[in-house]
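Asks: As they're listed, the protein sequences go chains A and B. Using the numbering used here, the first residue of the first sequence is number 6, and each one after it goes up by one. Using the numbering used here, the first residue of the second sequence is number 21, and each one after it goes up by one. Note that the Cβ used here is the ideal one computed from N, Cα and C, for glycine as well.
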Amino acid sequence: MFKIVKREVYSQGTVIMNQIEAPKIARKAKPGQFVILKADEEGERIPLTMADLDVEKGTIDIIYQVVGTSTAKFRDMQVGDAYQDIIGPLGQPTHLEKLGKVVCVGGGTGIAVLHPITRGLKEVGNHVIGIIGARSKDILILEDKMRLASTELHVCTDDGSYGHHGFVTEVLKEVLEKEDVKLVVAIGPVPMMKFLTILTKEYDTPTMVSLNPIMVDGTGMCGCCRVSVGGETKFVCVDGPEFDAHKVDFEELMMRLQAYVPQEKESYDAYQCGGACHTG
Amino acid sequence: MAGKAKKVKIDRQLMPAQDPKVRARNFEEVPYGYDPETAMKEASRCLQCKKPGCVAGCPVGIDIPGFISLIEQGDFQGAIRNLWGKNSLPAVCGRVCPQEEQCEGVCIVGKKGNPVAIGNLERFAADYERENGTGELPPKQKATGKKVAVAGAGPSGLTVAGDLIVKGHDVTVFEAFHKAGGVLVYGIPEFRLPKDIVASEVGTLERLGVNFECNRVVGSIVSLDELFEEGYDAIYIGVGAGLPRFLNIPGENYIGVFSANEYLTRSNLMKAYLFPKYDTPIPIGKNVVVFGAGNVAMDSARTAMRLGADNVRIVYRRSRDEMPARAEEVHHAEEEGIEFHLLTNPTRLLGNEKGFLTGMECLKMELGEPDDSGRRRPIPIKGSEFQLECDLAVVAVGSGSNPLLTRATPDMGLNQWGYIVTEPQTGKTTKKGVWAGGDIVTGAATVILAMGAGRIAADSMHDYLALGW
Ligand SMILES: Cc1cc2nc3c(=O)[nH]c(=O)nc-3n(C[C@H](O)[C@H](O)[C@H](O)COP(=O)(O)OP(=O)(O)OC[C@H]3O[C@@H](n4cnc5c(N)ncnc54)[C@H](O)[C@@H]3O)c2cc1C
Ligand SMILES: Cc1cc2nc3c(=O)[nH]c(=O)nc-3n(C[C@H](O)[C@H](O)[C@H](O)COP(=O)(O)OP(=O)(O)OC[C@H]3O[C@@H](n4cnc5c(N)ncnc54)[C@H](O)[C@@H]3O)c2cc1C
Ligand code: SF4
Ligand code: SF4
Ligand code: FES
Chain A
6 MFKIVKREVY SQGTVIMNQI EAPKIARKAK PGQFVILKAD EEGERIPLTM ADLDVEKGTI
66 DIIYQVVGTS TAKFRDMQVG DAYQDIIGPL GQPTHLEKLG KVVCVGGGTG IAVLHPITRG
126 LKEVGNHVIG IIGARSKDIL ILEDKMRLAS TELHVCTDDG SYGHHGFVTE VLKEVLEKED
186 VKLVVAIGPV PMMKFLTILT KEYDTPTMVS LNPIMVDGTG MCGCCRVSVG GETKFVCVDG
246 PEFDAHKVDF EELMMRLQAY VPQEKESYDA YQCGGACHTG
Chain B
21 MAGKAKKVKI DRQLMPAQDP KVRARNFEEV PYGYDPETAM KEASRCLQCK KPGCVAGCPV
81 GIDIPGFISL IEQGDFQGAI RNLWGKNSLP AVCGRVCPQE EQCEGVCIVG KKGNPVAIGN
141 LERFAADYER ENGTGELPPK QKATGKKVAV AGAGPSGLTV AGDLIVKGHD VTVFEAFHKA
201 GGVLVYGIPE FRLPKDIVAS EVGTLERLGV NFECNRVVGS IVSLDELFEE GYDAIYIGVG
261 AGLPRFLNIP GENYIGVFSA NEYLTRSNLM KAYLFPKYDT PIPIGKNVVV FGAGNVAMDS
321 ARTAMRLGAD NVRIVYRRSR DEMPARAEEV HHAEEEGIEF HLLTNPTRLL GNEKGFLTGM
381 ECLKMELGEP DDSGRRRPIP IKGSEFQLEC DLAVVAVGSG SNPLLTRATP DMGLNQWGYI
441 VTEPQTGKTT KKGVWAGGDI VTGAATVILA MGAGRIAADS MHDYLALGW
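(1) Using a Cβ cut-off of 7 Å, pull out every chain A residue sitting near B:Y298, in sequence order please.
(2) Please determine, among B:A345, B:I304, B:F266, B:R397, the residue with the shortest C-alpha to C-alpha distance to B:I386.
(3) Among the residues of its own chain, which have a CB less than 7 Å from the CB of B:G23, if the five just before and after it don't count?
(4) Which residue's Cα is closest to the Cα of B:S287: B:G328, B:G258, B:I275, B:I257?
(5) Straight-line CA distance for B:M21 to B:I128?
(6) Using the C-alpha atoms, what's the distance from A:V72 back to A:S16?
(7) Where B:P296 and A:A275 are concerned, what is the direct C-alpha to C-alpha distance, given to the nearest angstrom?
(8) How far does the beta strand (DSSP E) with B:R32 in it extend, from its first residue to its last?
(9) How would you call B:F406, buried or exposed, if buried means at least 16 neighbouring beta carbons within 10 angstroms?
(10) Taking the beta strand (DSSP E) that A:D249 belongs to, which residues open and close that run?
(11) For a test of your reading of the model: does the CB of B:N107 fall under 7 Å from any non-hydrogen atom of ligand 3? Yes or no.
(12) For B:M60, which of helix, strand or coil comes out of DSSP?
(13) Using 8 Å for Cβ pairs, my map puts B:G276 next to B:D411. What's the rounded Cβ distance?
(14) Taking all protein chains shown into account, decide if A:I122 is buried (16 or more other Cβ within 10 angstroms of its Cβ) or exposed.
(15) With three or more beta-carbon pairs closer than 8 Å as the criterion, would you say the stretch 166-184 of chain A touches the stretch 139-149 of chain A?
(16) Would you kindly work out how many angstroms separate the C-alpha atoms of B:K27 and B:A137, rounded to a whole number?
(17) Please determine, among A:V221, A:G130, A:T76, A:F7, the residue with the shortest C-alpha to C-alpha distance to A:I65.
(18) Taking only three categories from DSSP, how would you classify B:K24?
(19) Could you give the DSSP three-state label for A:E269: helix, strand or coil?
(20) Report the start-end ranges of each beta strand (DSSP E) in the stretch 100-187 of chain B that is 3 residues or longer and not cut off at the edges.
(21) Do B:G139 and B:G114 count as a contact pair if the criterion is CB distance below 8 Å?
(22) Bridge partners for B:W455 per DSSP, in chain order?
(23) What residues from the stretch 8-25 of chain A come within 8 Å of chain B, judged by C-beta to C-beta, listed N to C?
(24) Using a Cβ-Cβ cut-off of 8 Å, state whether B:G202 counts as contacting chain A.
(25) For chain E, find out if any of its Cβ atoms is closer than 8 Å to the Cβ of A:Y265; answer yes or no.
(26) How is the beta strand (DSSP E) around B:K384 delimited, first residue to last?
(27) Just to confirm, are A:D249 and A:M213 a CB contact at a threshold of 8 Å?
(28) Could you tell me which chain A residues have their CB closer than 9 Å to the CB of B:G375, listed as they occur along the chain?
(29) With 8 Å as the threshold, decide whether the Cβ of A:P94 is near any Cβ in chain B.
(30) Compute the Euclidean distance between the alpha carbons of B:R475 and B:F87, then round it to the nearest angstrom.
(31) B:S279 by DSSP, collapsed to three states: which one?
(32) Which class does A:M55 belong to by DSSP, given the choice of helix, strand or coil?
(33) Is A:Q277 helix, strand or coil when you go by DSSP?
(34) If you measure from the beta carbon of A:F270 to each beta carbon in chain B, is any gap under 8 Å?
(35) Using a Cβ-Cβ cutoff of 8 Å, what residues of the stretch 409-433 of chain B are near chain A? List them in chain order.
(36) Answer with yes or no whether the minimum CB distance from B:H198 to chain A is below 8 Å.
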């Protein structure tokens with residue numbers, strides 16, 4: 006069992022941080038790697054990136070957006086509750102190298118995944134320009150941590166409630182115009198990553214994205230997480246999760262993420278009813 | 021002798037089974053097993069051969085006439101003790117061994133009629149013990165103070181764990197999944213091998229003192245060298261052949277196309293057949309196609325039918341004679357209404373604008389000369405393309421070696437397909453202190469072969485731990 010020792014709520018309750026006791030995983034994990042969590046006996050196996058870790062305390066942090074049954078179940082777990090199963094670290098760690106100027110772009114909960122990579126890239130000596138964005142100010146996460154992790158940070162909101170009024174791509178375009186950028190790392194909703202990739206292609210700037218397909222085992226045995234990269238089939242859980250953005254077939258990824266929409270709704274309704282039946 | 025002639029006149033005792041129409045829509049086990057009386061009657065058909073062919077046909081050399089004669093006498097506990105001597109998972113093997121190719125295939129009684137139902141009897145003895153036995157454990161030798169790590173809790177790793185724990189070693193099994201059992205829990209469905217049985221076998225090992233560490237991917241959370249540093253004296257690798265093979269034809273990434281590993285893992289391990297009580301979803305196909313004709317394909321097809329498909333088709337590029345599945349599985353599948361499209365090869369999968377599978381294109385095949393595997397090679401018939409409607413496809417055309425652990429262990433020898441090279445008489449790999457066996461050495465094979473390899477390695481590991489070689 007893996008106990009939750011600390012819990013924080015962001016984005017008006019739609020994004021949750023859990024700090025979990027998992028000393029063996031904490032000792033091994035590197036930026037860019039993820040874990041698979043299962044809440045209880047009936048639970049699904051859900052991949053989430055480690056947003057932070059503390060080797061001494063033996064804890065890992067996960068930050069997730071509540072989008073369906075499993076993340077709602079996770080949301081309902083409190084400090085002292087435990088996940089039945091956590092497996093990891095999974096996936097390839099980020100390749101951290103000193104390149105010069107790099108830009109780290111994060112959108113939505115993607116910022117949680119981006120944060121340890123940003124920190125790692127700065128630690129090896131890069132000048133890191135962070136760009137983070139959200140729909141509006143009150144759902145923006147991890148601004149302080151990202152400010153610490155990057156050399157300079159730009160913030161955008163779609164509705165202009167904070168920072169730059171507009172999308173992360175607009176700020177990125179300005180940076181690409183002015184600076185000699187060696188690498189762009191982009192993590193966020195698939196459409197964001199897709200549009201950003203079109204932009205960096207114009208500037209011929211190497212770009213890396215972290216992909217989030219549906220997974221089951223996370224060890225390369227089921228093929229559920231397959232994506233097309235440069236015309237080849239790759240398993241994100243073992244070959245990724247990070248790939249050369251200019252080669253990724255984002256359309257296919259977006260399509261495959263829709264595989265279970267009706268079942269997800271059925272499952273969510275059943276879960277909600279489970280809650281309602283208690284009071285009613 | 022007159023007595024003997026009379027004996028074989030008894031017909032092979034059938035196991036009562038669920039009605040095909042009913043069972044095609046539920047996940048309960050298909051055959052019910054013998055009652056004691058029927059088991060004794062079936063046991064009486066054995067001729068107690070002096071040179072029993074059946075024993076030579078069993079990969080682990082079970083004393084078949086011995087345990088059968090104990091059943092005939094009604095000494096069921098004696099029978100199970102006899103079986104345990106060679107096979108630690110008789111309830112499993114009795115159910116899933118390809119008996120017609122092994123023990124029963126060479127039983128003398130089978131020459132003129134139906135062979136003795138060795139598998140059914142093995143199953144009976146094990147089930148009887150589980151349900152009525154005292155739960156006694158085999159005696160354990162004095163603690164040796166030696167520590168053994170086993171990677172993978174499939175039949176091969178479980179056999180090693182069981183053998184070495186009774187020899188007094190301290191055994192820890194590291195399993196990547198959240199449950200122990202390997203293919204027995206994630207691949208073979210409930211209706212063929214109830215998961216309670218696997219859990220009970222794993223429970224016995226736990227009671228014997230084996231330490232199970234689930235959710236531990238060796239090669240990722242810990243390397244083999246780190247295990248040695250942590251004080252393990254010997255390591256066994258039984259991680260199976262868990263890499264799905266696809267057809268590499270256009271359209272394979274449409275929604276609704278699954279590897280058999282994914283489809284069966286969702287249904288079996290994650291219990292998606294009980295969705296939404298369990299959270300993991302699985303789509304219910306209307307028109308399902310399954311590519312391949314081995315046990316994995318039969319399990320996928322029969323699962324799809326139970327989940328509520330309108331029709332399920334097996335699509336296989338060779339003919340009936342080359343189908344690798346156990347005879348009983350093919351028979352059960354046919355009874356349950358699975359259709360067989362033989363000598364048919366898929367060439368392309370078709371989908372709609374939303375990315376959902378809608379159909380497939382195939383080619384008719386004919387058989388040519390035998391290939392390397394000795395089976396007649398299927399060759400396409402020109403101009404025979406045709407289309408089939410389908411909304412769910414399961415690819416069950418075999419599996420390869422999963423490189424997760426081997427990639428993290430560069431100093432261990434592999435063959436050209438990525439399987440671990442071992443010395444056949446001992447199971448030793450090229451890395452000191454490391455043994456391997458089962459599907460990760462042979463490629464996808466059978467439960468009993470994986471167990472046999474585990475037994476050989478366990479003997480060699482014990483020598484190494486006790487004597488240093
Ligand atoms: C390697 C990896 C790392 C990830 N890291 C994080 C993270 O740090 N924080 C975080 O919030 N999420 C992360 N995700 C996504 C997360 O796994 C999903 O949001 C989660 O599985 C949804 O489960 P659910 O049951 O709550 O929702 P569901 O009911 O399963 O899904 C609801 C909706 O979310 C979408 N969805 C389903 N699965 C995914 C998925 N894997 N990725 C994106 N959208 C999905 C679907 O379009 C679906 O309609 C990661 C995914 C991967 C593969
Ligand atoms: C659907 C299906 C049906 C079958 N039907 C039959 C049948 O009827 N009769 C028959 O005889 N055979 C059958 N087989 C074949 C048989 O199940 C296998 O040959 C046998 O299970 C192999 O045993 P194993 O111990 O080598 O590996 P597995 O059973 O594959 O077990 C390997 C275990 O290792 C774990 N693992 C993998 N990597 C790691 C790692 N890095 N660290 C830790 N653990 C790891 C896996 O999760 C798994 O639990 C079937 C196979 C399948 C898939
Ligand atoms: S283990 Fe398998 S092959 Fe051996 S006797 Fe039993 S059923 Fe037959
Ligand atoms: S070959 Fe058949 S009849 Fe002879 S001992 Fe074996 S099971 Fe009995
Ligand atoms: S999640 Fe199963 S292969 Fe990647």
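Replies: From the atom records:
(1) E47
(2) The sequence shown places Glu at residue 386 of chain B, rather than the Ile named in the question. Of B:A345, B:I304, B:F266, B:R397, the residue nearest in Cα terms is B:R397.
(3) Residue placement at B:G23 cannot be trusted, given a pLDDT of 41 that sits under 50; what the coordinates show is reported in the next sentence. Once the five neighbours on either side are set aside, B:G23 has no close Cβ partner at all.
(4) B:G328
(5) Note on B:M21: pLDDT 40, under 50, position unreliable in the model; the coordinate value appears next. Taking the straight line from one Cα to the other gives about 16 Å.
(6) 13 Å
(7) 7 Å
(8) Run containing B:R32: none; DSSP gives neither H nor E here.
(9) exposed
(10) 247-249
(11) yes
(12) Three-state result, B:M60: helix.
(13) 6 Å
(14) Around the CB of A:I122, 16 or more other CB atoms lie within 10 Å, so the residue is classed as buried.
(15) yes
(16) With a pLDDT of 48 at B:K27, under the threshold of 50, the predicted position of this residue should be treated as unreliable, and no value is reported.
(17) A:F7
(18) Residue placement at B:K24 cannot be trusted, given a pLDDT of 45 that sits under 50; what the coordinates show is reported in the next sentence. Looking at B:K24 - three-state DSSP - the assignment turns out to be helix.
(19) When DSSP states are grouped into helix, strand and coil, A:E269 belongs to the helix group.
(20) 167-171
(21) yes
(22) B:Y256, B:K448
(23) If the cut-off is 8 Å between Cβ atoms, the stretch 8-25 of chain A has nothing near chain B.
(24) Chain A, which has no Cβ nearer than 8 Å to the Cβ of B:G202, makes this no.
(25) Chain labels in this structure do not include chain E; the protein chains are A and B.
(26) 377-390
(27) Their beta carbons are under 8 Å apart, which means A:D249 touches A:M213 by this criterion.
(28) E256, E257, M259, M260, R261, Q263, A264
(29) Closer than 8 Å to some Cβ of chain B, the Cβ of A:P94 qualifies, so yes.
(30) 20 Å
(31) DSSP places B:S279 in strand when its eight states are reduced to three.
(32) The three-state reading of DSSP puts A:M55 in strand, counting E and B together.
(33) helix
(34) One detail in the question is off: residue 270 of chain A reads as Lys in this sequence, not Phe. Cβ-Cβ to chain B under 8 Å: no for A:K270.
(35) N422, P423, L424
(36) yes
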